[in-house]
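Input: a single structure, listed below in structure tokens.
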Amino acid sequence: MATRAIARAISTSRARTVDDDVVVVPGDYRVGGILLAVAALTGPALHLWTQSVIHGVLGGFLSFQASRVRFRFTREAIEVVFIEPGASDETAANVDVATSGDNKLQGGGENRWAYDSITNWEFWWPGFPCLVYFRETQTKSDGQPHFFPIIMDGELLYKVMLDRFPKSVNEKPSPSEWSLDLALEQTSIGRQIKENLTDEQRQKVKELKGIPYLDKN
């Protein structure tokens, strides 16, 4: 299928693979970096020290996690593994799932979930990736939800999930349709923001893909 071909083509250049059946999604520091930039602005520049500390701690934590947490997609399951900060993504293709420990915060057990146990998944938001969710029946028969901040290549993650996960309850747009406009349409706040834009600004929003100034459009 087309999505499979796209995901594998991208994985060759942007992720490290053992073979065609294993895809490792590289880490991405943009979300953590943005929070650190906000911390620098709200603190020294605006003297909003409480906000600065909150953004700084969260940004530092997410940046550190982006250096070591990797999503690994095998033929049968999605796995979360840890690598040493600074190590290549090839390392993540071979390390044991046990490196990421026991997922105590989200149901317990190892960080490996078979695709056929996944009952639904969501991606917030196509065009502006921040958070991913899926629900599986492997941990608990009545369903265990999982939430992860997107501290990895969001576009590649989305494409591989489209390719390997069961179909989501909600229809998912094609990666070619990604834009900031699509992301804003996903929430009531985003739609309110669009209502206050001029026609020229709305057109620019439709043309933006990913994080402005950080992603190539």
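No gaps in the numbering here: position 83 of the sequence shown is 69 in the working numbering, and each next residue is one more. Backbone N, C-alpha and C fix where the C-beta goes; we use that ideal spot for every residue, glycine too. The model shown is predicted, which means the values in this text are computed figures rather than measured ones.
| Asked | Found |
| --- | --- |
| Assigned exposure category for residue 195 - 16 Cβ within 10 Å defines buried | buried |
| Unbroken alpha helix (DSSP H) run spanning residue 136, endpoints | No alpha helix (DSSP H) contains residue 136, which DSSP labels as neither H nor E. |
| Stretch-stretch touch, CB-based, cutoff 8 Å, three pairs: the segment 173 to 186 with the segment 127 to 135 | no |
| Segment contact flag, the segment 12 to 27 with the segment 129 to 147, C-beta cutoff 8 Å, min 3 pairs | yes |
| Residue closest to residue 187, alpha-carbon to alpha-carbon, out of 173, 167, 76 and 25 | 167 |
| Residues near residue 104 in its chain [Cβ-Cβ closer than 6 Å; skip 5 each side] | 120, 122, 151 and 152 |
| Stretch-stretch touch, CB-based, cutoff 8 Å, three pairs: the segment 18 to 35 with the segment 76 to 91 | no |
| Contact belief for residue 146 with residue 9 at Cβ below 8 Å, rounded distance in angstroms | 5 Å |
| Proximal residues to residue 56 (C-beta, below 8 Å), its chain only, five neighbours per side dropped | 10, 11, 12, 13, 66, 67, 68, 69, 75, 78 and 138 |
| Residue range of the unbroken beta strand (DSSP E) whose run includes residue 121 | 117 to 122 |
| Start and end residues, beta strand (DSSP E) containing residue 35 | Not the beta strand (DSSP E): residue 35 falls in the alpha helix (DSSP H), residues 35 to 54. |
| Environment of residue 61 [buried if 16+ CB atoms lie within 10 Å] | exposed |
| Reduced DSSP secondary structure (H/G/I, E/B, other) of residue 69 | coil |
| Distance between beta carbons of residue 106 and residue 154, contact taken as under 8 Å | 6 Å |
| Residue 77, DSSP secondary structure in three states | helix |
| Nearest neighbour of residue 142, chosen from 113, 124 and 170 [CA to CA] | 113 |
| Proximal residues to residue 191 (C-beta, below 8 Å), its chain only, five neighbours per side dropped | 165, 166, 167, 170, 180 and 183 |
| Residues that DSSP places opposite residue 99 in a beta bridge | 64 |
| Status (buried if at least 16 other CB within 10 Å, exposed otherwise) for residue 33 | exposed |
| Nearest-angstrom Cα separation, counted from residue 149 out to residue 29 | 43 Å |
| Which of helix, strand or coil DSSP assigns to residue 13 | strand |
| Three-state secondary structure assigned by DSSP to residue 131 | strand |
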